[in-house]
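Presented below is the structure to which this report refers.
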Amino acid sequence: MKPFEFHRAINSDDVFKHISTTSKYIAGGTNLLDLMKKHIHEPNTIIDLNSALSNTIEQKNDGIFLGAMTTNTKVTENTIVNKNFPLVSKAILAGASPQIRNMATTSGNLLQRTRCPYFYDTNIPCNKRKSNSGCGALNGHQRMAGIVGTSQNCVAVHPSDFCVALAALDAEVFITKTDSTTEKIPFKDFHRLPENNPEKDNNLSDNAIITGVFIPNNNFGNTVSYVKIRERDSYAFALVSVAAALEIKDDKIKKVRLASGGVAHKPWRWFEAEKFLKNKKASRDNFIKAAELIVSKTKPLPNNTFKVTLLKGAVETALMQCLTNTSNG
574 MKPFEFHRAI NSDDVFKHIS TTSKYIAGGT NLLDLMKKHI HEPNTIIDLN
624 SALSNTIEQK NDGIFLGAMT TNTKVTENTI VNKNFPLVSK AILAGASPQI
674 RNMATTSGNL LQRTRCPYFY DTNIPCNKRK SNSGCGALNG HQRMAGIVGT
724 SQNCVAVHPS DFCVALAALD AEVFITKTDS TTEKIPFKDF HRLPENNPEK
774 DNNLSDNAII TGVFIPNNNF GNTVSYVKIR ERDSYAFALV SVAAALEIKD
824 DKIKKVRLAS GGVAHKPWRW FEAEKFLKNK KASRDNFIKA AELIVSKTKP
874 LPNNTFKVTL LKGAVETALM QCLTNTSNG
């Protein structure tokens with residue numbers, strides 16, 4: 574690991590005084606330290622955000638606000654989150670060990686980088702790691718690669734389970750810029766597809782920091798599910814995951830949210846399937862048709878076509894589990 578200077582910021586103004594092209598932010602450090610050990614990121618300065626940004630959870634009239642430094646553990650143990658936004662807790666608990674959850678933060682989850690093995694191997698070309706160097710995974714081992722939204726420049730997937738739930742629940746990302754102006758970005762627009770710039774994971778500008786995430790109120794209740802398929806049960810990254818939420822009235826689906834992880838460069842919303850299910854009966858037949866519509870939009874690589882079958886089954890299972898959770902609730 575390259576030697577670096579360490580600065581513990583006391584507020585957002587202090588953060589911006591020290592930020593430069595050769596510095597990096599650190600929150601829990603669960604991703605950045607790995608990247609530094611692998612010599613993927615070699616910052617001259619590390620800026621600790623833990624004392625500079627909020628770690629509180631605030632209930633609002635129209636939803637809930639998670640401070641940027643709120644740990645995953647704190648989110649999963651919060652009474653309001655578990656009562657009104659159980660999909661969030663389900664996703665986080667599927668995503669990491671207790672030790673990681675104790676350190677990982679809300680903002681860190683949004684900014685974590687891909688776990689593509691070609692990104693971590695500095696002996697192999699990777700456009701995400703070094704622009705215009707090539708994509709080693711394109712003709713390599715593709716088991717973990719994407720099946721939708723990929724490009725010739727990158728087939729890596731976003732690793733966060735937490736972010737899949739936030740995408741499904743129409744969250745908003747709040748940011749502060751160096752000129753003290755604030756802005757909010759719809760979660761669906763925060764992360765990017767690779768296209769011609771796979772080195773850019775998201776749309777957060779260099780002169781801004783995340784201050785928190787807002788999740789609006791909903792009527793899904795316990796009619797939610799998070800299904801994650803992985804190589805092993807012990808805290809592995811998703812081959813495919815599905816977050817599902819249903820609002821049902823008179824046996825008809827009034828609202829539906831479907832999002833996936835492990836399939837794309839960003840948490841992926843299945844808008845067409847949501848539109849298909851709206852106002853239809855909450856039945857297995859309709860869930861199967863929605864799953865078939867979803868997989869018809871995928872474009873797997875030669876060596877990860879199995880993901881299409883996994884995805885179809887995960888969508889059907891997640892939607893059926895929603896109904897089971899409602900009955901048990």
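Here the working numbering runs 573 ahead of the position in the sequence shown, where the first position is 1.
Here a beta-carbon is modelled for each residue, glycine too, at the ideal position from N, C-alpha and C.
Note that the structure is predicted; figures quoted are calculated from it, not measured.
Just the C-alpha distance for residue i and residue j, rounded to the nearest angstrom, thanks.
{"i": "Lys663", "j": "Thr751", "result": "35 angstroms"}
{"i": "His580", "j": "Ile599", "result": "10 angstroms"}
{"i": "Ser704", "j": "Asn776", "result": "17 angstroms"}
{"i": "Phe638", "j": "Ile720", "result": "32 angstroms"}
{"i": "Thr652", "j": "His591", "result": "37 angstroms"}
{"i": "Pro576", "j": "Thr595", "result": "12 angstroms"}
{"i": "Glu578", "j": "Asn852", "result": "57 angstroms"}
{"i": "Thr749", "j": "Gln632", "result": "21 angstroms"}
{"i": "Pro759", "j": "Ala837", "result": "18 angstroms"}
Looking at C-alpha atoms only, which residue of the options is the closest neighbour of residue i?
{"i": "Asn675", "options": "Asn645, Pro840 and Ile867", "result": "Asn645"}
{"i": "Thr897", "options": "His838, Ala818, Val868 and Lys633", "result": "Ala818"}
{"i": "Ser833", "options": "Leu883, Thr878 and Tyr808", "result": "Leu883"}
{"i": "Lys597", "options": "Gln672, Gly681, Asn634 and Thr643", "result": "Gly681"}
{"i": "Met642", "options": "Ser670, Lys880, Leu683 and Ala669", "result": "Leu683"}
{"i": "Val737", "options": "Gln894, His714 and Trp841", "result": "Trp841"}
My assumption, with CB atoms under 8 angstroms, is that residue i sits in contact with residue j. Please give the rounded CB distance.
{"i": "Gly636", "j": "Pro789", "result": "4 angstroms"}
{"i": "Ala811", "j": "Gly835", "result": "4 angstroms"}
{"i": "Phe787", "j": "Glu756", "result": "That pair is no contact at about 12 angstroms."}
{"i": "Thr695", "j": "Gly640", "result": "In fact, because the Cβ distance is near 35 angstroms, the residues do not count as touching under 8 angstroms."}
Considering only DSSP beta bridges, list what residue i is partnered with.
{"i": "Pro759", "result": "Glu745"}
{"i": "Arg803", "result": "Ala811"}
{"i": "Ser724", "result": "Cys727"}
{"i": "Asn775", "result": "His764"}
{"i": "Leu819", "result": "Val829"}
{"i": "Pro576", "result": "DSSP output for Pro576 lists no bridge partner at all."}
Take residue i and list the residues in its own chain whose beta-carbon comes closer than 6 angstroms to its own, dropping the five residues that flank it on each side.
{"i": "Tyr799", "result": "Lys663, Ala664, Ala667 and Ala816"}
{"i": "Asp621", "result": "Arg581 and Ile599"}
{"i": "Asn792", "result": "Glu820"}
{"i": "Ala864", "result": "Lys885, Val888 and Glu889"}
{"i": "Ile697", "result": "Tyr691 and Gly709"}
{"i": "Asn628", "result": "Gly640, Met642 and Thr643"}
Here's a check: name, in chain order, each residue in its chain whose Cβ is nearer than 8 angstroms to the Cβ of residue i, leaving out the five neighbours to either side.
{"i": "Asp952", "result": "Past the edges of the chain, shown from 574 to 902, lies residue 952, and the structure says nothing about it."}
Given residue i, which residues of its chain have a CB within under 7 angstroms of its CB, disregarding the five upstream and five downstream residues?
{"i": "Leu866", "result": "Glu845, Ala846 and Phe849"}
{"i": "Gln685", "result": "Asn604, Pro732 and Ser733"}
{"i": "Val588", "result": "Ala582, Ile620, Leu622, Ala625 and Ile782"}
{"i": "Leu608", "result": "His614 and Arg686"}
Residue i: beta carbon under 6 angstroms from a heavy atom of the ligand MG?
{"i": "Ser624", "result": "No copy of the ligand MG occurs in the structure displayed, which carries no ligand at all."}
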